[in-house]
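So in this note's numbering, spot 151 of the sequence shown is number 1518, and the numbers just go up one at a time. Please read the structure below before turning to the comments.
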Amino acid sequence: MKTNKRNKLATTPPSKGVRGMLKVTLLFIGIVLTTSCSKNIFDTSEELLEYIKQPENGYLYAKTVNGVDFSLLYKPTDLLVNQELTGESSASKVDSLRSKYGEYLYFTLSMSKNNQELLSNVAGNKQKFGAMVNELAFGMEQKVHLYTPQKDTIAMADYIYPRMYGMSGSTSMLFVYPRDEKVTEEEHINITIEDLGFYTGEVKFKIPTKMINNEPKLKF
1368 MKTNKRNKLA TTPPSKGVRG MLKVTLLFIG IVLTTSCSKN IFDTSEELLE
1418 YIKQPENGYL YAKTVNGVDF SLLYKPTDLL VNQELTGESS ASKVDSLRSK
1468 YGEYLYFTLS MSKNNQELLS NVAGNKQKFG AMVNELAFGM EQKVHLYTPQ
1518 KDTIAMADYI YPRMYGMSGS TSMLFVYPRD EKVTEEEHIN ITIEDLGFYT
1568 GEVKFKIPTK MINNEPKLKF
């Protein structure tokens, strides 16, 4: 009687060489999965900051236009939570703060020229200096815009501009936007900065929302 070759192949155990290759493959897959899962959870805020400041991770964007250096950094919710926590905190406190800050998106915009704050570059012109101080402190809502690919503009919730009085190498401010479904359900969002008087024209950043929806967290 002839042996059914298909059944024989199905019941024959793999050779030692094949078994070894399978073990190596499974081990490799396990390492990759473990790395990809733990990669987005950090023990300290310093580690998290270091991670998001690496452009290849998708949270920092930079460009130079007409000698002005722009950088835009997305700040994950847990960085804001960590700033408010003092000492040991309960899980309920962490959850409460995550819920509070998770309603918004936070972006730090830094701008510099000649490795100085923007104001330092107009310090010799009192009129221009005064106008820029006023614009940076009160008028950035009219200069910085977040909108979807469908041109839906997301209104700015708030922004913070700390005066550094020439003690910093850049002009930095924090912009806050609501975590609107129009934002999170799109493939990307756009953030633009209008010309602030340095002949840069409109500067645009395209931000993939995948990175925002899967933002890294802290282990509290």
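Think of the CB as a built atom: it goes at the ideal place given N, C-alpha and C, for glycine as much as any other residue.
Problem - Segments of 3+ residues assigned as beta strand (DSSP E) that fall wholly inside the segment 1540–1584 - result: Listed in chain order, the complete beta strand (DSSP E) runs (minimum 3 residues) inside the segment 1540–1584 are 1555–1560, 1570–1575.
Problem - Where Thr1466 falls: helix, strand or coil (DSSP) - result: Counted from its first residue, the sequence shown places residue 1466 at position 99. Note that residue 1466 is Ser in the sequence shown, not Thr. Ser1466: helix per DSSP, three-state reduction.
Problem - Tyr1441 - DSSP class collapsed to helix/strand/coil - result: Position 74 of the sequence shown holds residue 1441. In this structure, DSSP gives Tyr1441 an extended state, which the three-state scheme calls strand.
Practice task
Reducing DSSP to helix, strand and coil, say where Phe1496 ends up.
Solution key: Reading the sequence shown from its first residue, position 129 is the one you call residue 1496. Under the three-state reduction of DSSP output, Phe1496 falls in the helix class.
Problem - Cβ shell of Gly1536 (< 7 Å), same chain only, five flanking positions each side left out - result: Within the sequence shown, the letter at position 169 stands for residue 1536. Result list for Gly1536: Ser1479, Asn1482, Gln1483, in chain order.
Handout entry: Cβ-Cβ distance between Pro1583 and Glu1554 below 9 Å
Key = The sequence position of residue 1583 within the sequence shown is 216, counting from 1. The sequence position of residue 1554 within the sequence shown is 187, counting from 1. With a cutoff of 9 Å on beta-carbon distance, Pro1583 and Glu1554 are scored as not near each other.
Problem - Buried or exposed by the 16-neighbour rule on C-beta atoms within 10 Å, applied to Met1499 - result: In the sequence shown, counting from the first residue as 1, residue 1499 sits at position 132. By the neighbour-count criterion, in which 16 or more other beta carbons inside 10 Å mark a residue as buried, Met1499 falls on the buried side.
Exercise for the section: Quick one: using the 10 Å Cβ neighbour count with 16 as the cut-off for buried, is Lys1586 buried or exposed? Expected result: The residue you call residue 1586 lines up with position 219 of the sequence shown. Exposed.
Exercise for the section: Decide if Lys1493 is buried, meaning its Cβ has at least 16 other Cβ atoms within 10 Å, or exposed. Expected result: Translated into positions along the sequence shown, residue 1493 becomes position 126. In this structure Lys1493 is exposed. Its beta-carbon is surrounded by fewer than 16 other beta-carbon atoms within 10 angstroms.
Handout entry: CB of Leu1513 within 9 Å of CB of Val1461, strictly
Key = On the sequence shown, position 146 is the one that residue 1513 refers to. On the sequence shown, position 94 is the one that residue 1461 refers to. Contact flag unset, no.
Problem - Per DSSP, cross-strand counterpart(s) of Ala1429 - result: Within the sequence shown, numbered from 1, the residue matching residue 1429 stands at position 62. Beta-bridge partners assigned by DSSP to Ala1429: Ser1438.
Practice task
Look up Ile1527 in the DSSP assignment and give the residues it is bridged to.
Solution key: Here residue 1527 refers to the residue found at position 160 of the sequence shown. Answer is Leu1541.
Problem - Chain-order list of residues whose beta-carbon lies under 8 Å from that of Ser1466 (same chain, five-residue window excluded) - result: Mapped onto the sequence shown, residue 1466 falls at position 99. Setting aside the 5 residues that flank it on each side, Ser1466 has no residue in the same chain whose C-beta is closer than 8 Å to its C-beta.
Exercise for the section: Look up Gln1483 in the DSSP assignment and say whether it is helix, strand or coil. Expected result: In the sequence shown, counting from the first residue as 1, residue 1483 sits at position 116. Gln1483 falls in the strand class under three-state DSSP.
Problem - Contacts around Thr1411, its chain only, beta-carbon distance under 8 Å, and the 5 residues preceding and following it disregarded - result: Within the sequence shown, numbered from 1, the residue matching residue 1411 stands at position 44. The residues Leu1585, in chain order, have a CB closer than 8 Å to that of Thr1411 in the same chain once the five nearest residues on each side in sequence are set aside.
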